[in-house]
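Participant: I have a structure here, written as structure tokens, and I will follow up with some questions on it.
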């Protein structure tokens, strides 16, 4: 099911600036029993992105209605919400009156094997480097060629590729954020000049703090990451996937990762029973 | 008129990766008397972009047929050609079989006043900084949020904004390349970590060299640009526009700019009488 500005459609106007410039934002939201998980956090990030890109944030009641309409029939799925600046001209200048496009698409839940969660995934360092751009860092905008190019570096031999930026700092996975456990501290790369601040990344930081685990957002080198005690990646669909191998080095699914998986499961269960609509 | 993969249409499949990731390339081509100007050069750049982004370059005969079909009825206009990686999945991974989308749209020629060409334009330095990304520098891809944000800094009080990158080098205009004449030398910013290598930029470099004008592609600071004898911007639609003011400093439409405008007019007239189709 795809809703475009509330209407059932499968195509978009060719004049949409999402197509011409990647001029938009997106959210990828897990659906369980017809309900969107961590929806409040996704909409908060979307709103931040809108402020950064100067795209008017839509009427939230309308947005919630449309999201609910698309998600309510799904037992388990993924909602991709794209918000573009809407249609307008041939040039970069935006029209005086903006009519952002709300695109809400329901996808089937990906069929990831259960052992990615329990036994961990195989990863490597991509050659593709993230550029430096403080203006766009953090938000989930639709300028994603770096991720597309990085993802083209492998097929099925890994489950995720980790990306460094031009400064040779490890930033994130192509579709996930990275966490490093070392000597009883939880580290995750600071997202200041490259990378996306994932909704799940923020939730994990919050639940780690709530449970008195020491947490640091900082710049991480490849060597530091390789010397981790435990490693995992996260996003809104996979939750937490432990990393069992990186660049031919092996890592255990350690105690801290297991703790965070348990805390997250609990937090998520509470989220699902609450209802923001 | 809009042709999508050879068919008259006004909408695109919502699954197209152009929309999701800006996963594509574009060319903006001037049309005069039904004929595309510098078409050979535009297709060459598109091909380079395809190689860089690993998008299959389309059958050129087919592409030329479609471009001709859209341009032939236009007395004066603009063809925007977008080539995306085509439809595919929810994730960054591309489908095993790629079917790039060819989008060819004919727009009316913009109604720029003639005095922009003869008397010059008013410009300023944008606050928006271009990021650093050697992987994507040079090609005309559809990840254009930087330009969109820069263009939102002004309305009609200027005709173009010049952009610096994170290293504080002056790189280009939001929709044009920049040329600086100083002490009998033609300078243009080196496009290595930021910016687009415009088709018109390359043509101007070529005709300057053919006419024994000394030319340098190098990194330029704001101070160097401000101390220019003459300044101009270029793109495929405007050709050359002299800059008459930048950051409250005035510049003449000088001899070298006039020379290059004349050389370009001659070169363009020869291009129009040749025919690559």
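Protein chains in written order, with the numbering used here: chain A, 1 to 277; chain B, 1001 to 1277. All C-beta atoms in this analysis are idealised placements derived from N, C-alpha and C, irrespective of residue type, glycine included.
Considering residue 1148(B), what are the terminal residues of the beta strand (DSSP E) in which it resides?
Facilitator: Note, residue 1148(B): premise wrong, no beta strand (DSSP E); alpha helix (DSSP H) at 1145-1151.
Participant: Among 203(A), 230(A), 214(A) and 234(A), whose alpha-carbon lies nearest the alpha-carbon of residue 270(A)?
Facilitator: Each of 203(A), 230(A), 214(A) and 234(A) was checked against the Cα of residue 270(A), and the nearest Cα belongs to 203(A).
Participant: So for residue 1038(B), helix, strand or coil by DSSP?
Facilitator: coil
Participant: If you compare alpha carbons, which of 109(A), 10(A), 147(A) and 131(A) is closest to residue 1021(B)?
Facilitator: 147(A)
Participant: Helix, strand or coil: how does DSSP classify residue 74(A) here?
Facilitator: coil
Participant: Which residues does DSSP list as the beta-bridge partners of residue 1256(B)?
Facilitator: In the DSSP output, where bridge partners are listed per residue, residue 1256(B) has none listed.
Participant: Extract the residue ranges of the alpha helix (DSSP H) inside the segment 1014-1058 of chain B, only unbroken runs of 4 or more that lie entirely within it.
Facilitator: 1017-1021 and 1039-1053
Participant: Quick one: give me the first and last residue of the alpha helix (DSSP H) that residue 1235(B) is part of.
Facilitator: Not the alpha helix (DSSP H): residue 1235(B) falls in the beta strand (DSSP E), residues 1230-1235.
Participant: Counting only Cβ-Cβ distances shorter than 9 Å, please list the residues of the segment 1011-1024 of chain B near chain A, keeping chain order.
Facilitator: If you check each beta-carbon in the segment 1011-1024 of chain B against every beta-carbon of chain A, the ones closer than 9 Å belong to 1011, 1012, 1013, 1014, 1015, 1016, 1017, 1018, 1019, 1020, 1021, 1022, 1023 and 1024.
Participant: Closest by CA to residue 182(A), which one among 159(A), 39(A) and 220(A)?
Facilitator: 220(A)
Participant: Over the uninterrupted beta strand (DSSP E) stretch that includes residue 1124(B), give me the two end residues.
Facilitator: 1121-1125
Participant: Could you tell me if residue 249(A) is buried or exposed, where buried requires 16 or more neighbouring beta carbons within 10 angstroms of its beta carbon?
Facilitator: Exposed is the call here.
Participant: Which chain B residues are close to residue 136(A), counting only those with a beta carbon under 9 Å from its beta carbon?
Facilitator: 1131, 1145, 1146 and 1149
Participant: State the Cα-Cα distance for the pair residue 206(A) and residue 72(A), rounded to the nearest angstrom.
Facilitator: 28 Å
Participant: So residue 1184(B) packs on residue 1214(B), CB below 8 Å; how close in whole Å?
Facilitator: 7 Å
Participant: Taking residue 86(A) as the query, report the chain B residues whose CB atoms sit under 8 Å from its CB, ordered along the chain.
Facilitator: Result: empty, since nearest Cβ-Cβ is about 12 Å, beyond 8 Å.
Participant: To the nearest angstrom, how far is it from the Cα of residue 1155(B) to the Cα of residue 1143(B)?
Facilitator: 22 Å
Participant: Which class does residue 163(A) belong to by DSSP, given the choice of helix, strand or coil?
Facilitator: strand
Participant: Candidates 1138(B), 1114(B) and 1101(B): which alpha carbon is nearest residue 1011(B)'s?
Facilitator: 1101(B)
Participant: Counting pairs of beta carbons, one from the segment 1030-1046 of chain B and one from the segment 1223-1237 of chain B, are three or more of them closer than 8 Å?
Facilitator: yes
Participant: In the DSSP output, what is residue 1173(B) paired with across the bridge?
Facilitator: 1162(B)
Participant: In the DSSP output, which residue or residues are listed as bridge partners for residue 1217(B)?
Facilitator: 1188(B)
Participant: Going by the CB atoms, is the gap between residue 166(A) and residue 1132(B) shorter than 8 Å?
Facilitator: It is a contact, given that the beta carbons lie within the stated cut-off.
Participant: Rounded to a whole number of angstroms, what is the C-alpha to C-alpha distance between residue 1209(B) and residue 151(A)?
Facilitator: So the alpha carbons of these two residues sit roughly 41 Å apart.
Participant: Under a three-way DSSP split, which group does residue 180(A) fall into?
Facilitator: Here residue 180(A) sits in strand by DSSP.
Participant: Going by DSSP, what residue range makes up the beta strand (DSSP E) through residue 1278(B)?
Facilitator: Nothing about residue 1278(B) can be read from this structure; chain B reaches only from 1001 to 1277.
Participant: Look at residue 1231(B) and residue 1243(B) and say whether their C-beta atoms are less than 8 Å apart.
Facilitator: yes
Participant: Does any residue of chain B have a CB that is nearer than 8 Å to the CB of residue 102(A)?
Facilitator: Taking a beta-carbon distance threshold of 8 Å, residue 102(A) does not count as an interface residue toward chain B.
Participant: Taking the alpha-carbon positions, what's the residue 1034(B) to residue 200(A) distance?
Facilitator: 53 Å
Participant: Under 8 Å Cβ to Cβ from residue 211(A), same chain only, skipping five residues before and after it: list those, please.
Facilitator: 259 and 263.
Participant: Note down, in chain order, every chain B residue with its Cβ under 8 Å from the Cβ of residue 54(A).
Facilitator: 1149 and 1152
Participant: Taking CB distances under 8 Å as the criterion, tell me whether residue 105(A) reaches chain B.
Facilitator: yes
Participant: Within the continuous alpha helix (DSSP H) that includes residue 962(B), where are the two ends?
Facilitator: Because chain B here runs from 1001 to 1277, residue 962(B) falls outside it and cannot be looked at.
Participant: Are residue 26(A) and residue 82(A) closer than 8 Å when you measure CB to CB?
Facilitator: yes
Participant: Should residue 1192(B) and residue 1110(B) be called a contact, given that it needs their Cβ atoms to be closer than 8 Å?
Facilitator: no
Participant: Quick one: give me the first and last residue of the alpha helix (DSSP H) that residue 1136(B) is part of.
Facilitator: Segment: none, residue 1136(B) is in no alpha helix (DSSP H) and carries neither H nor E.
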